[in-house]
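Peer 1: In the numbering used here, the protein residues as written are 4 to 79.
The beta-carbon is built from N, C-alpha and C at its ideal position, and this holds for glycine as well.
Take a look at this one; I'll ask things after.
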């Protein structure tokens with residue numbers, strides 16, 4: 004089972020009030036949200052080839068989230 008990790012989503016933004024849309028996902032995985040956020044400026048600089056008036060980036064959680072069961076009673 005894969006653990007939870009973060010990836011950078013590169014966003015293409017239009018003029019005016021048009022919302023930004025996801026243009027691509029960077030394949031690099033980051034173990035923490037802080038590591039992902041620290042990489043945003045560099046990832047934006049590496050993805051300036053998109054045909055949008057402006058671009059941005061955001062960190063997205065992906066992978067498997069495992070819930071921890073506490074206080075579960077054993078039956079038997």
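#1: Under 8 Å by Cβ, that's how I've got residue 26 and residue 55 pegged, so tell me the actual separation to the nearest angstrom.
#2: Distance check for residue 17 and residue 53, CA to CA, integer angstroms please.
#3: Would you list the residues sitting across from residue 61 in a DSSP beta bridge?
#4: Work out the CA separation of residue 29 and residue 80 for me, nearest whole Å.
#5: With residue 43 as the anchor, note down where its beta strand (DSSP E) starts and where it stops.
#6: Starting from the Cα of residue 6, find the closest Cα among 20, 57, 34, 44 and give me that residue.
#7: Could you tell me the distance, in whole angstroms, from the CA atom of residue 4 to the CA atom of residue 14?
Peer 2: If we stick to the structure as given:
#1: Indexing the chain shown from 1 puts residue 26 at position 23. Indexing the chain shown from 1 puts residue 55 at position 52. About 7 Å separates the two Cβ atoms, so the contact holds.
#2: For the purposes of this step, residue 53 is taken as the residue at position 50 of the chain shown. For the purposes of this step, residue 17 is taken as the residue at position 14 of the chain shown. About 11 Å.
#3: Residue numbering aside, residue 61 sits at position 58 when the chain shown is read from its first letter. According to DSSP, residue 61 shares a beta bridge with 12.
#4: Residue 80 cannot be examined here, being either before or after the span of the chain that is shown, 4 to 79.
#5: Translated into positions along the chain shown, residue 43 becomes position 40. Note, residue 43: premise wrong, no beta strand (DSSP E); alpha helix (DSSP H) at 36 to 49.
#6: As a position in the chain shown, residue 6 is number 3, starting the count at 1. Looking at the Cα atoms, 34 is the closest of the given residues.
#7: Position 1 of the chain shown holds residue 4. Position 11 of the chain shown holds residue 14. Here the model assigns residue 4 a pLDDT of 46, short of 50, so the residue's position is not dependable, and the following value carries that caveat. Going by the C-alpha atoms only, they are around 29 Å apart.
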